[in-house]
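Residue numbers (the numbering used here): 1105 to 1192.
Think of the CB as a built atom: it goes at the ideal place given N, C-alpha and C, for glycine as much as any other residue.
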């Protein structure tokens, strides 16, 4: 987060997970464009069976250049709380 706070506005892609909504909102507060991608889209690009962080970051970066990619909707805190209460 310190590195992002000190850089000009960029596009940040992240794989969606349980804690990603909080991170995306924090990154958006730093005036960056934050987008979430589905894990299945990343898996579709994966060539090698051995998964590691470096390869996953490379696949996520490649998704930026894929035309017609669907990004996930980023929920605000209220929407996420309501979803949590509905699923509980």
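Original post:
At what residues does the beta strand (DSSP E) containing residue 1116 begin and finish?
Top reply: Counting from one through the chain shown, the residue named residue 1116 turns up at place 12. That run of the beta strand (DSSP E) goes 1115-1119.
Original post:
Among the residues of its own chain, which have a CB less than 6 Å from the CB of residue 1139, if the five just before and after it don't count?
Top reply: Counting from one through the chain shown, the residue named residue 1139 turns up at place 35. Result list for residue 1139: 1117 and 1175, in chain order.
**OP:** Would you check if the distance between the CB atom of residue 1146 and the CB atom of residue 1131 is smaller than 8 Å?
**Re:** Residue numbering aside, residue 1146 sits at position 42 when the chain shown is read from its first letter. Residue numbering aside, residue 1131 sits at position 27 when the chain shown is read from its first letter. No, the pair does not count as a contact, with Cβ atoms beyond the cut-off.
Original post:
Can you pull the DSSP bridge partners for residue 1149?
Top reply: The residue given as residue 1149 occupies position 45 in the chain shown. According to DSSP, residue 1149 bridges with nothing at all.
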